[in-house]
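K.L.:
Got a structure for you, written out below as C-alpha coordinates; questions coming shortly.
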Amino acid sequence: MENLPETIEIETAGNPAASVIWMHGLGADGNDFVPTVRELELSGASAIRFVFPHAPMQPVTINNGQVMRAWYDVSFGDLEGRSRQADEKGVRASQAAVGKLIEREISRGTASKNIVLAGFSQGGAIALQTGLRYPQQLAGVMALSTYLPLAESFAQEAAPANAETPIFMVHGTHDPVVPYAMGANSKDMLLQAGYAVEWHDYPMQHSLCLEEVRDIGAWLTRVLGRRG
(Lines of atoms letter the chains of each structure in order from A and count residues from 1; the text may use other names and numbers.)
(Lines give C-alpha, C1' and ligand atoms only; values in the text may rest on other atoms or scores of the structure.)
Protein backbone atom coordinates (compact mmCIF):
# COMPACT_ATOMS: atom_id res chain seq x y z
CA MET A 1 0.00 0.00 0.00
CA GLU A 2 1.20 3.48 -0.81
CA ASN A 3 2.47 5.76 2.02
CA LEU A 4 2.16 3.03 4.63
CA PRO A 5 4.07 3.84 7.84
CA GLU A 6 6.95 1.57 8.79
CA THR A 7 5.95 -0.77 11.61
CA ILE A 8 7.21 -3.23 14.19
CA GLU A 9 5.06 -6.34 14.69
CA ILE A 10 4.67 -8.88 17.49
CA GLU A 11 2.30 -11.86 17.46
CA THR A 12 1.28 -13.38 20.79
CA ALA A 13 0.65 -16.75 19.10
CA GLY A 14 0.42 -18.19 15.61
CA ASN A 15 -2.38 -17.30 13.18
CA PRO A 16 -3.71 -14.22 15.02
CA ALA A 17 -7.33 -13.37 14.31
CA ALA A 18 -7.13 -9.98 16.06
CA SER A 19 -4.88 -6.93 15.74
CA VAL A 20 -3.91 -3.99 17.91
CA ILE A 21 -2.46 -0.98 16.08
CA TRP A 22 -0.68 1.03 18.80
CA MET A 23 0.66 4.56 18.15
CA HIS A 24 3.50 6.02 20.21
CA GLY A 25 3.75 9.53 21.65
CA LEU A 26 5.63 12.60 20.44
CA GLY A 27 9.35 12.08 19.95
CA ALA A 28 9.24 8.32 20.58
CA ASP A 29 8.95 5.60 17.93
CA GLY A 30 7.29 2.24 17.38
CA ASN A 31 9.66 0.53 19.81
CA ASP A 32 8.23 2.45 22.76
CA PHE A 33 5.50 0.02 23.78
CA VAL A 34 6.98 -3.22 22.44
CA PRO A 35 8.14 -4.26 25.95
CA THR A 36 4.64 -3.64 27.31
CA VAL A 37 3.14 -6.55 25.36
CA ARG A 38 4.73 -9.18 27.59
CA GLU A 39 3.44 -7.35 30.69
CA LEU A 40 -0.21 -7.40 29.62
CA GLU A 41 -1.04 -10.91 30.91
CA LEU A 42 -2.83 -11.92 27.70
CA SER A 43 -2.47 -15.67 28.24
CA GLY A 44 -6.25 -16.07 28.27
CA ALA A 45 -6.82 -13.99 25.14
CA SER A 46 -7.05 -15.06 21.53
CA ALA A 47 -3.87 -14.67 19.44
CA ILE A 48 -3.20 -11.00 18.71
CA ARG A 49 -0.92 -9.24 16.25
CA PHE A 50 0.45 -6.00 17.72
CA VAL A 51 1.41 -3.41 15.11
CA PHE A 52 3.57 -0.51 16.28
CA PRO A 53 3.94 2.13 13.55
CA HIS A 54 6.60 4.85 13.43
CA ALA A 55 5.28 8.40 13.05
CA PRO A 56 6.90 10.52 10.31
CA MET A 57 9.84 12.82 11.06
CA GLN A 58 8.80 16.48 11.14
CA PRO A 59 9.61 19.74 12.93
CA VAL A 60 7.61 20.34 16.12
CA THR A 61 6.89 23.95 17.02
CA ILE A 62 6.60 23.45 20.78
CA ASN A 63 10.08 21.88 20.75
CA ASN A 64 11.64 24.88 19.00
CA GLY A 65 11.21 23.35 15.56
CA GLN A 66 13.31 20.29 16.35
CA VAL A 67 12.71 17.45 13.89
CA MET A 68 11.37 14.32 15.56
CA ARG A 69 8.77 11.64 15.10
CA ALA A 70 5.35 13.23 15.42
CA TRP A 71 1.84 12.40 14.29
CA TYR A 72 1.14 16.13 13.95
CA ASP A 73 2.67 19.45 14.94
CA VAL A 74 2.03 20.93 18.39
CA SER A 75 2.13 24.68 18.94
CA PHE A 76 2.35 26.66 22.15
CA GLY A 77 -1.05 26.72 23.86
CA ASP A 78 -2.40 23.62 22.09
CA LEU A 79 -2.24 21.59 25.30
CA GLU A 80 -3.63 24.36 27.49
CA GLY A 81 -6.88 24.87 25.64
CA ARG A 82 -5.86 28.31 24.41
CA SER A 83 -5.16 27.55 20.77
CA ARG A 84 -7.88 27.08 18.19
CA GLN A 85 -5.35 26.39 15.44
CA ALA A 86 -4.52 22.74 16.07
CA ASP A 87 -2.57 21.10 13.26
CA GLU A 88 -5.63 19.82 11.43
CA LYS A 89 -3.67 18.98 8.29
CA GLY A 90 -1.21 16.85 10.26
CA VAL A 91 -3.94 15.14 12.27
CA ARG A 92 -5.86 14.22 9.14
CA ALA A 93 -2.73 12.99 7.35
CA SER A 94 -2.00 10.63 10.24
CA GLN A 95 -5.64 9.57 10.31
CA ALA A 96 -5.32 8.57 6.65
CA ALA A 97 -2.06 6.68 7.30
CA VAL A 98 -3.55 4.73 10.21
CA GLY A 99 -6.62 4.02 8.09
CA LYS A 100 -4.31 2.31 5.60
CA LEU A 101 -2.83 0.20 8.41
CA ILE A 102 -6.36 -0.92 9.28
CA GLU A 103 -6.95 -1.79 5.63
CA ARG A 104 -3.74 -3.84 5.58
CA GLU A 105 -4.89 -5.85 8.58
CA ILE A 106 -8.24 -6.47 6.87
CA SER A 107 -6.40 -7.60 3.71
CA ARG A 108 -4.45 -10.07 5.86
CA GLY A 109 -7.71 -11.66 6.97
CA THR A 110 -8.45 -9.83 10.23
CA ALA A 111 -12.04 -8.60 10.37
CA SER A 112 -12.36 -4.90 11.23
CA LYS A 113 -14.46 -5.86 14.28
CA ASN A 114 -11.34 -7.63 15.63
CA ILE A 115 -9.06 -4.59 15.33
CA VAL A 116 -8.26 -2.23 18.20
CA LEU A 117 -6.71 1.20 17.66
CA ALA A 118 -4.54 2.25 20.57
CA GLY A 119 -2.17 5.07 21.39
CA PHE A 120 -0.40 7.11 24.01
CA SER A 121 -0.52 10.92 24.11
CA GLN A 122 -0.33 12.12 20.47
CA GLY A 123 -0.79 8.53 19.39
CA GLY A 124 -3.91 8.26 21.51
CA ALA A 125 -5.31 11.39 19.91
CA ILE A 126 -4.84 9.77 16.50
CA ALA A 127 -6.46 6.55 17.75
CA LEU A 128 -9.56 8.52 18.79
CA GLN A 129 -9.51 10.64 15.64
CA THR A 130 -9.26 7.63 13.34
CA GLY A 131 -11.20 4.99 15.20
CA LEU A 132 -14.39 6.93 15.85
CA ARG A 133 -14.48 8.22 12.27
CA TYR A 134 -13.65 4.88 10.62
CA PRO A 135 -16.52 3.64 8.40
CA GLN A 136 -16.31 -0.02 9.49
CA GLN A 137 -16.90 -1.36 12.99
CA LEU A 138 -13.77 -1.76 15.11
CA ALA A 139 -13.28 -3.81 18.28
CA GLY A 140 -12.32 -0.81 20.39
CA VAL A 141 -10.25 2.33 20.86
CA MET A 142 -7.64 2.65 23.61
CA ALA A 143 -6.58 6.21 24.43
CA LEU A 144 -3.84 6.65 27.03
CA SER A 145 -3.01 10.07 28.56
CA THR A 146 -4.57 11.94 25.68
CA TYR A 147 -7.56 13.91 24.37
CA LEU A 148 -10.00 14.07 21.46
CA PRO A 149 -8.50 16.24 18.68
CA LEU A 150 -10.56 18.30 16.23
CA ALA A 151 -13.47 18.05 18.66
CA GLU A 152 -15.37 20.82 16.86
CA SER A 153 -15.90 18.60 13.79
CA PHE A 154 -16.45 15.36 15.67
CA ALA A 155 -20.26 15.34 15.75
CA GLN A 156 -20.44 15.80 11.97
CA GLU A 157 -17.74 13.24 11.17
CA ALA A 158 -18.33 10.44 13.70
CA ALA A 159 -19.03 7.13 11.98
CA PRO A 160 -22.31 5.38 12.86
CA ALA A 161 -20.47 2.03 12.52
CA ASN A 162 -18.44 2.86 15.64
CA ALA A 163 -21.13 4.58 17.71
CA GLU A 164 -21.14 1.61 20.13
CA THR A 165 -17.44 0.79 19.97
CA PRO A 166 -15.88 0.39 23.45
CA ILE A 167 -13.46 3.17 24.39
CA PHE A 168 -10.79 2.72 27.06
CA MET A 169 -9.41 6.03 28.36
CA VAL A 170 -6.89 6.61 31.14
CA HIS A 171 -5.05 9.63 32.50
CA GLY A 172 -2.55 10.48 35.19
CA THR A 173 -3.90 12.87 37.79
CA HIS A 174 -0.50 14.63 37.92
CA ASP A 175 0.14 14.79 34.15
CA PRO A 176 2.27 17.90 33.39
CA VAL A 177 2.26 17.36 29.60
CA VAL A 178 -1.38 16.71 28.64
CA PRO A 179 -3.37 18.24 31.51
CA TYR A 180 -5.75 15.90 33.30
CA ALA A 181 -8.63 18.25 32.50
CA MET A 182 -8.09 17.77 28.74
CA GLY A 183 -8.52 14.02 29.04
CA ALA A 184 -11.44 14.29 31.45
CA ASN A 185 -13.22 16.85 29.25
CA SER A 186 -12.82 14.60 26.20
CA LYS A 187 -14.19 11.67 28.20
CA ASP A 188 -17.21 13.74 29.27
CA MET A 189 -17.84 14.84 25.68
CA LEU A 190 -17.80 11.23 24.48
CA LEU A 191 -20.09 10.07 27.29
CA GLN A 192 -22.54 12.87 26.50
CA ALA A 193 -22.49 11.72 22.86
CA GLY A 194 -23.52 8.24 23.99
CA TYR A 195 -20.22 6.37 23.71
CA ALA A 196 -19.31 3.51 26.04
CA VAL A 197 -16.22 4.89 27.77
CA GLU A 198 -14.31 2.95 30.41
CA TRP A 199 -12.33 5.61 32.31
CA HIS A 200 -9.47 5.12 34.74
CA ASP A 201 -7.18 7.63 36.38
CA TYR A 202 -4.04 6.92 38.34
CA PRO A 203 -1.78 8.98 40.63
CA MET A 204 0.96 9.30 37.99
CA GLN A 205 2.41 11.81 35.55
CA HIS A 206 2.64 11.43 31.74
CA SER A 207 3.47 7.72 31.74
CA LEU A 208 2.18 4.21 32.32
CA CYS A 209 1.91 2.47 35.68
CA LEU A 210 1.61 -1.18 36.65
CA GLU A 211 -2.08 -0.96 37.58
CA GLU A 212 -2.81 0.66 34.21
CA VAL A 213 -0.98 -2.12 32.34
CA ARG A 214 -3.09 -4.73 34.15
CA ASP A 215 -6.28 -2.81 33.28
CA ILE A 216 -5.22 -2.60 29.62
CA GLY A 217 -4.64 -6.35 29.49
CA ALA A 218 -8.03 -7.08 31.03
CA TRP A 219 -9.80 -4.72 28.62
CA LEU A 220 -8.05 -6.13 25.54
CA THR A 221 -8.95 -9.65 26.62
CA ARG A 222 -12.60 -8.60 26.92
CA VAL A 223 -12.94 -6.74 23.61
CA LEU A 224 -10.86 -9.15 21.53
CA GLY A 225 -12.18 -12.35 23.06
CA ARG A 226 -10.71 -15.22 24.97
CA ARG A 227 -9.19 -18.45 23.74
CA GLY A 228 -11.95 -20.91 23.02
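Numbered according to my numbering, the sequence shown spans residues 2 to 229. We put the beta carbon where it would ideally sit given N, CA and C, even for glycine.
Give every residue of the same chain whose Cβ lies closer than 6 Å to the Cβ of glycine 125, excluding the five residues on either side of it in the sequence, and list them in chain order.
P.N.:
Ala144, Leu145 and Thr147
K.L.:
Would you grab the beta carbon distance between proline 167 and glycine 184 for me? Rounded to a whole angstrom, and I think it's under 8 Å.
P.N.:
Not quite, the Cβ-Cβ distance comes to about 17 Å (not below 8 Å), so this is no contact.
K.L.:
Please report the straight-line C-alpha distance between glycine 100 and glutamate 106, rounded to a whole angstrom.
P.N.:
About 10 Å.
K.L.:
For the pair the segment 123-137 and the segment 22-38, tell me if three or more CB-CB distances fall below 8 Å.
P.N.:
yes
K.L.:
Given that a residue counts as buried once 16 or more other Cβ atoms are within 10 Å of its Cβ, and exposed if not, what is glycine 91?
P.N.:
buried
K.L.:
How big is the Cα-Cα spacing for valine 224 and valine 214?
P.N.:
16 Å
K.L.:
Using a 10 Å radius around the Cβ and a threshold of 16 neighbouring Cβ atoms, would you call alanine 164 buried or exposed?
P.N.:
So alanine 164 counts as exposed.
K.L.:
Below 8 Å, can you find three or more Cβ-Cβ pairs linking the segment 11-19 to the segment 34-50?
P.N.:
Three or more beta-carbon pairs separated by less than 8 Å link the segment 11-19 to the segment 34-50, which places the two stretches in contact.
K.L.:
Which residues mark the beginning and the end of the alpha helix (DSSP H) in which alanine 94 is found?
P.N.:
89-108
K.L.:
Return the chain-ordered ranges of every alpha helix (DSSP H) run that is complete within the segment 107-179 and spans a minimum of 4 residues.
P.N.:
123-132 and 155-158
K.L.:
Looking only at its own chain, which residues have a Cβ that is under 6 Å from the Cβ of threonine 172, when we skip the five neighbours before and after it?
P.N.:
It is histidine, not threonine, that sits at residue 172 in the sequence shown. The residues are Ser146, Tyr181, Gly184 and Asp202.
K.L.:
Starting from the Cα of methionine 69, find the closest Cα among Phe77, Pro60, Ser154 and Val75 and give me that residue.
P.N.:
Pro60
K.L.:
In three-state DSSP terms, what is threonine 1?
P.N.:
In the structure as shown, the chain starts at 2 and stops at 229, and residue 1 therefore has no counterpart that could be examined.
K.L.:
DSSP three-state call for valine 75: helix, strand or coil?
P.N.:
coil
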